[in-house]
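Under the working numbering, the residue at position 87 of the sequence shown is numbered 163, and the numbers go up by one with no gaps. Note that beta-carbon positions come from the ideal geometry of N, C-alpha and C, so glycine has one too. For clarity, every value in this text was computed on a predicted model and none was experimentally measured. What follows is a short report on a single structure.
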Amino acid sequence: MLTIQQNTSLGAPPQNARNSSLLFWAPCIATLLYLSGSLLIFKCGPVEWPIHNEGDFWTLNALYLIMFLVGYGAAMWKRHWWGGYGSTLSSRGLTERFFWPIWGCALLVVLIGHRNLTAGRSYIPTTLIFEIISGLTDPHRAYDYKLSEEAKGNFSGNPPITLLYGALAFSKLLLVYMLVSSWSNLSLLKKFLGVGVALFPVVSGVCVGTNKPVFDVAFVFSTLFLAQVSMTPRAERPAFIKARRVPILLAVCAIVFAGWYFKHSMNARAPGLGLAAGQSTSAGVVRLRPGFQDYCESNGEWTAKGCSFVAVGVIYLTQGYYGMSISTGFPLETTYGLGHSRFMTDALQKYLGIDLKPRTYQQRIRGQWGANGGWHSAYSEWANDVGFVGVALVMLALGFYVSAIWISALVTHNVAAVCSLPLLVILIFFIPANNQVFNLLESLASFVVLFIVWVASLVRGKRVGAIGRAS
77 MLTIQQNTSL GAPPQNARNS SLLFWAPCIA TLLYLSGSLL IFKCGPVEWP IHNEGDFWTL
137 NALYLIMFLV GYGAAMWKRH WWGGYGSTLS SRGLTERFFW PIWGCALLVV LIGHRNLTAG
197 RSYIPTTLIF EIISGLTDPH RAYDYKLSEE AKGNFSGNPP ITLLYGALAF SKLLLVYMLV
257 SSWSNLSLLK KFLGVGVALF PVVSGVCVGT NKPVFDVAFV FSTLFLAQVS MTPRAERPAF
317 IKARRVPILL AVCAIVFAGW YFKHSMNARA PGLGLAAGQS TSAGVVRLRP GFQDYCESNG
377 EWTAKGCSFV AVGVIYLTQG YYGMSISTGF PLETTYGLGH SRFMTDALQK YLGIDLKPRT
437 YQQRIRGQWG ANGGWHSAYS EWANDVGFVG VALVMLALGF YVSAIWISAL VTHNVAAVCS
497 LPLLVILIFF IPANNQVFNL LESLASFVVL FIVWVASLVR GKRVGAIGRA S
């Protein structure tokens, strides 16, 4: 039987789930601390970046953080819109009725995604074992093959399958949500097959020596688990956690493996401290700070290895800010609302022959910083459409949306809101690097579908609430 979960208002959360102000503001605080910290590392960390247009760069970044805070606060001020009357399926009702259809959709998505990522010829991964071994033993070779002309020649796209892939992409998030929320009510078969499909993107990432799918799984499992814990009344949290020891272990393993594989693959693809020592670009020389490099090279092999990992990690985190600092010196040539997404600009060029890439900041600074080899920050990619000053409005909207989604998840347990949280975490985490969510079809389509479902559920909830008050 379909179960409906109804909530009244933010002032009176369901059952005994009264949430503190700190919990409501936690995403905002975490975002501001993270982005401020990444800027601090960019400015004072072990890698010395030759920052361009410093006045504009720092002013814009300060403005973006302020606007995120304002947007978040505005949604909190209107919190009765998101935490008022609502009607959503309970997690148990959802899982009991829709587990197998969602699992089947998620299986299709991971198989199509695996073929797309590995540039395979078949949707059935017949060479999976060989690809896993190759990705673990020599991630550099696996990564190079993924980018090679041979791999591109072996791969042929299929537009109907691509559309199906995008339409069903959200099912992967929903599957993990069901695993985490209803774990104790699942049969052994559902647990085994559900976990297998949910973790398969890790295998896909290893097969091509890339970190993103591995990180994505870690983000999705950990975010959905923490969200479920936050949504659970405080007195019930110990029992909730105890009943989900296996999902917790999976989340921890995913995080640990993501860290290890990042170190393993990056050491293979960019070994040694030489990565950061004296890289020349036409915009300046990127180097390690002398004190840091001297310390690393004079304290033994293990210290040097640790420093190499730190240096690679810092470059991975902050290089997008370097590209942004160069771009701020260029005027806007708008890309009409499409330039923020590589998927959309690629599709526009492929199917309509319209190439907007020369108008993007990434292409216009390619003589100073690689358009594809280097990162440019999400700010630069959003600025393709609205300019760097206009990005302040994007951050205002982002802060508003994050706040509204978090309140909706925390108070009404709205399934679409909860499943949107991992996408928002990934989007914010990669702001210093690129526009991670909107650059790829899978995450872009998931974001759009969940947004539409969330808005529809709010409208339906208000109608249900109005009928309830009238009766």
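List the endpoints of the continuous alpha helix (DSSP H) containing Asp292. Sequence index remark: in the sequence shown, residue 292 carries index 216 (1-based). Start and end: Lys288 to Met307.
Would Pro323 pass as a contact of Leu223 if the rule is Cβ separation under 8 Å? Taking the sequence shown and counting its residues from 1, the one referred to as residue 323 is at position 247. Taking the sequence shown and counting its residues from 1, the one referred to as residue 223 is at position 147. Cβ distance not < 8 Å, so Pro323 and Leu223 don't count as in contact.
Less than 7 Å between C-beta atoms, sequence neighbours within five positions excluded: which residues of the same chain meet that for Ala480? Here residue 480 refers to the residue found at position 404 of the sequence shown. Same-chain partners within the cutoff: Ala151 and Trp158.
Rounded to a whole number of angstroms, what is the C-alpha to C-alpha distance between Tyr221 and Ser384? Residue 221 sits at position 145 when you count from the first residue of the sequence shown. Residue 384 sits at position 308 when you count from the first residue of the sequence shown. Annotation: Tyr221 to Ser384 spans about 25 Å, alpha carbon to alpha carbon.
Going by C-alpha distance, which of Leu469, Pro215 and Ala195 is nearest Asn234? Along the sequence shown, one-based indexing puts residue 234 at 158. Among Leu469, Pro215 and Ala195, the Cα nearest to that of Asn234 belongs to Ala195.
For Lys228, does the count of other Cβ atoms within 10 angstroms reach 16, so buried, or fall short, so exposed? Position 152 of the sequence shown holds residue 228. That one is exposed.
Cβ-Cβ separation, Gly415 to Leu432 (assumed contact under 8 Å), whole Å: In the sequence shown, residue 432 corresponds to position 356, counting from 1. In the sequence shown, residue 415 corresponds to position 339, counting from 1. Correct: roughly 6 Å between the Cβ atoms.
If I measure Cβ to Cβ from Ala327 and keep anything under 8 Å in the same chain, skipping five residues before and after, which residues do I get? As a working note, residue 327 is residue 251 in the sequence shown. Within the same chain, Ala327 has close Cβ partners Ala294, Phe297, Ser298 and Phe301.
Would you kindly work out how many angstroms separate the C-alpha atoms of Thr308 and Thr379, rounded to a whole number? Translated into positions along the sequence shown, residue 308 becomes position 232. Translated into positions along the sequence shown, residue 379 becomes position 303. Cα to Cα, the separation comes out at about 43 Å.
Residues near Arg197 by beta carbon distance below 7 Å, same chain, minus five either side: Here the question's residue 197 lines up with position 121 in the sequence shown. Excluding sequence neighbours, Arg197 sits near Asn230.
Using CA coordinates, which residue listed in Phe476, His452 and Val487 is at the minimum distance from Gln512? Here the question's residue 512 lines up with position 436 in the sequence shown. That would be His452, whose Cα lies nearest to the Cα of Gln512.
Top-ranked residue by Cα proximity to Thr238, from Gly376, Leu520, Arg321 and Ala454: Counting from one through the sequence shown, the residue named residue 238 turns up at place 162. Of the residues Gly376, Leu520, Arg321 and Ala454, the one whose Cα lies closest to the Cα of Thr238 is Leu520.
Bridge-paired residues (DSSP) for Glu124: Start at 1 with the first residue of the sequence shown, and residue 124 comes out as number 48. DSSP output for Glu124 lists Arg363 as bridge partner(s).
Ignoring anything shorter than 3 residues or poking outside the segment 438-476, list the beta strand (DSSP E) runs there in chain order. With a minimum length of 3 residues, no continuous beta strand (DSSP E) run stays inside the segment 438-476.
Where do the N-terminal and C-terminal ends of the alpha helix (DSSP H) with Trp134 fall, by residue? Indexing the sequence shown from 1 puts residue 134 at position 58. The continuous alpha helix (DSSP H) containing Trp134 extends over residues Glu130 to Trp153.
Once DSSP output is grouped into helix, strand and coil, what is the label at Phe506? Reading the sequence shown from its first residue, position 430 is the one you call residue 506. Note: Phe506 maps to coil in three-state DSSP.
Could you check which residue in Arg418, Leu269, Pro407 and Gly149 has the C-alpha nearest to that of Leu98? As a position in the sequence shown, residue 98 is number 22, starting the count at 1. Nearest option by C-alpha distance: Gly149.
Please tell me whether Gly270 and Gly475 are closer than 8 Å, where the distance is taken between their beta carbons. The count along the sequence shown starts at 1 and reaches residue 270 at position 194. The count along the sequence shown starts at 1 and reaches residue 475 at position 399. Contact: no.
Secondary structure at Gln512, three-state DSSP: helix, strand or coil? Reading the sequence shown from its first residue, position 436 is the one you call residue 512. Of the three classes helix, strand and coil, the one that applies to Gln512 here is coil, per DSSP.
According to the neighbour-count rule (16 or more other Cβ atoms, all chains shown, within 10 Å of its Cβ), is Gln425 buried or exposed? Locating residue 425 in the sequence shown gives position 349, where the first residue counts as 1. When all chains shown are included, Gln425 counts as exposed.
Is the Cβ-Cβ distance between Ala218 and Gly285 less than 8 Å? Here residue 218 refers to the residue found at position 142 when the sequence shown is read from its first residue. Here residue 285 refers to the residue found at position 209 when the sequence shown is read from its first residue. It is a contact, given that the beta carbons lie within the stated cut-off.
Measuring only the C-alpha atoms, how far is Arg321 from Phe175? Your numbering for residue 321 matches position 245 in the sequence shown. Your numbering for residue 175 matches position 99 in the sequence shown. Taking the Cα positions, Arg321 is about 21 Å away from Phe175.
So, helix, strand or coil for Thr421, using DSSP? As a first step, residue 421 must be located in the sequence shown, where it is residue number 345. Here Thr421 sits in helix by DSSP.
Quick check: Ser306 and Leu534, are their CB atoms within less than 8 Å of each other? The count along the sequence shown starts at 1 and reaches residue 306 at position 230. The count along the sequence shown starts at 1 and reaches residue 534 at position 458. Not in contact: Ser306 and Leu534 (Cβ atoms no closer than 8 Å).
Taking a contact to mean a Cβ-Cβ separation below 8 Å, would you say Tyr199 touches Ile188 in this structure? Translated into the one-based positions of the sequence shown, residue 199 becomes position 123. Translated into the one-based positions of the sequence shown, residue 188 becomes position 112. For Tyr199 and Ile188, yes; Cβs fall inside 8 Å.
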